[in-house]
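Asker: Next up is a structure, given as structure tokens.
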Amino acid sequence: MLLDILPKQLERFSVTVIATDSGLPPLSSECTIDVEVLDVNDNPPHFGQAVYKAAVMENLDPGTKVLAHDPDSEHFGRVSYEITSDAVAFHIAEDGWITTTEKLDRELKSSHRLTVKATDGGTPPLSDIAIVEIEVEDQNDNAPVFKHCNMTAVVQVLLL
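The numbers in UniProt numbering rise by one with no breaks, and the one at position 157 of the sequence shown is 157.
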């Protein structure tokens, strides 16, 4: 039970056990036990926010970073990311950076909602989920268009 309350930073410690009998004179012996604490995958990754918000100008590459922390050590604490929602226009890198795979067009879709999953390196792996809301900002990229190019107008002129 002592190991359940040990801090994660304590990797090694020594315990000295002394046994003494009830004889006259009492005799005793001591033994030092070196204990190495091994980490287990007992902490899932954790996003700092449940929802991340980002804005990107249409026709440009966005870049927003999501970050999950896992207090476990070594490979148990290694976090990988994936976009689990249908978001073909986006890619997430190993370090959590989200970028576009194509130019975004606000006139076609003004916002995107991604579900991002962070998974640690344990067996079985533990994970957390966050939402990333991306607002596509408008760029003046469409010239005005006349609906009817050929028009006739009658103008009356009053001569004095």
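Every residue gets a Cβ at the ideal spot worked out from N, C-alpha and C, and that includes glycine.
None of the values given here were measured: they were computed from a predicted structure.
#1: Between the Cα of residue 113 and those of 142, 86, 33 and 138, spot the shortest distance and give me the residue it belongs to.
#2: Counting Cβ pairs, one atom from each stretch, are 3 or more of them under 8 Å apart for the stretch 23-30 and the stretch 88-106?
#3: So, helix, strand or coil for residue 91, using DSSP?
#4: If contacts are defined as beta-carbon pairs under 8 Å, then residue 120 and residue 42 qualify, I think. What distance do you get, rounded to the angstrom?
#5: Buried or exposed for residue 33, going by 16 or more other Cβ atoms inside 10 Å?
#6: Assuming the contact rule is C-beta atoms closer than 8 Å, residue 79 and residue 130 should be a hit. Round their C-beta distance to whole Å, please.
#7: Could you check which residue in 30, 137, 11 and 12 has the C-alpha nearest to that of residue 19?
#8: Excluding five sequence neighbours on each side, which residues of the same chain lie with their C-beta closer than 6 Å to the C-beta of residue 122?
#9: Under a Cβ-count criterion, where at least 16 other Cβ atoms within 10 Å of its own Cβ denotes burial, should residue 147 be classed as buried or exposed?
#10: Beta strand (DSSP E) containing residue 31: first to last residue?
#11: Three-state secondary structure (DSSP) at residue 102?
#12: Can you tell which of 16, 12, 37 and 35 has its C-alpha closest to the C-alpha of residue 28?
#13: DSSP state of residue 148, grouped into three classes?
#14: In or out: residue 164 buried (at least 16 other Cβ within 10 Å) or exposed?
#15: Considering only the alpha carbon of each residue, which of 54, 82 and 107 lies closest to residue 142?
#16: Alpha carbon to alpha carbon, how far is residue 74 from residue 38?
Answerer: So, to answer that:
#1: Out of 142, 86, 33 and 138, 86 has the C-alpha closest to the C-alpha of residue 113.
#2: Because the criterion of three Cβ pairs below 8 Å is not met, the stretch 23-30 and the stretch 88-106 do not touch.
#3: DSSP places residue 91 in strand when its eight states are reduced to three.
#4: Residue 120 to residue 42, Cβ: 10 Å. No contact.
#5: Result: exposed.
#6: Contact between residue 79 and residue 130 is absent: CB atoms are separated by about 12 Å, not below the 8 Å threshold.
#7: The candidate whose alpha carbon is nearest that of residue 19 is 30.
#8: Correct list, in chain order: 41 and 76.
#9: Exposed, because fewer than 16 other Cβ atoms sit within 10 Å of the Cβ of residue 147.
#10: Unbroken beta strand (DSSP E) run through residue 31: 28-36.
#11: DSSP, read as helix, strand or coil, puts residue 102 in coil.
#12: Residue 28 has its Cα closest to that of 16, out of 16, 12, 37 and 35.
#13: Assignment of residue 148 by DSSP, reduced to helix, strand and coil, places it in the coil class.
#14: Residue 164 lies beyond the range of the chain shown here (1 to 160); nothing can be said about it.
#15: Measuring from the Cα of residue 142, the nearest candidate turns out to be 107.
#16: Using only the alpha carbons, I get a separation of about 10 Å.
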